[in-house]
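Beneath this line is the structure, given in structure tokens, with notes to follow.
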Amino acid sequence: MSAPPRIPFPVVDEVSRHCAQEAEPETVHIEVHLPGRLDPDRLRKSFTEALLRHPRILMREARGPWYRRRYEWELTEGPDVEVVTFAPPGAASLRDARTRALTEAPPLTASPPVRLEVVPGAARSGDPATTGPA
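In terms of full-length UniProt numbering, the sequence shown has 8 at position 8, counting the first letter as 1, and numbering is strictly consecutive.
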């Protein structure tokens, strides 16, 4: 079996990696509010298929000694981890999911470096996610 292809980190990734701190995770948080209920199996299948159609997203930080000069991405054939999770229902589930999205960055050592979390329940009026700036 041959080693997975490797791609050197672009400058932006390299700088970001050197500046990474667990206390200040670098995350991107996007919320999409949909009406109705989602079918968990169909969503998992669709999201995984989308990842497979864009193989450059299926990558992880390649292992190497701590003193290496450059970091590299290692392309993978599929996700290393479950990328779609479903939060438990509850009054605080949306708030808790937002907190996780902003405080827990996916590890760069597991492919892909993106995750999708589904939060059940409709947004309520007055929710900051559904109201515009004051």
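Just so it is clear, CB atoms sit at the ideal spot from N, CA and C, and this is done for glycine as well.
| Relative to the alpha-carbon of Glu74, which residue among Ile57, Trp66, Tyr67 and Glu117 has its alpha-carbon at the smallest distance? | Ile57
| request: Just the C-alpha distance for Gly132 and Pro5, rounded to the nearest angstrom, thanks. | output: With a pLDDT of 39 at Gly132, under the threshold of 50, the predicted position of this residue should be treated as unreliable, though the coordinate-derived value follows. Cα to Cα, Gly132 sits roughly 45 Å from Pro5.
| If Leu51 and Pro79 are in contact, beta carbons under 8 Å, what's the gap, nearest whole angstrom? | 6 Å
| said: Less than 8 Å between CB atoms is the rule here; does Phe47 satisfy it with respect to chain C? | reply: Among the chains of the structure shown, chain C does not appear; only one protein chain is present.
| message | Would Arg110 and Arg68 be called neighbours here (beta carbons separated by less than 8 Å)? | response | The question names Arg, yet the displayed sequence has Ala at residue 110. Contact flag unset, no.
| said: Restricting to runs no shorter than 3 residues, where is the beta strand (DSSP E) found entirely within the stretch 5-34? | reply: Correct list: 6-8.
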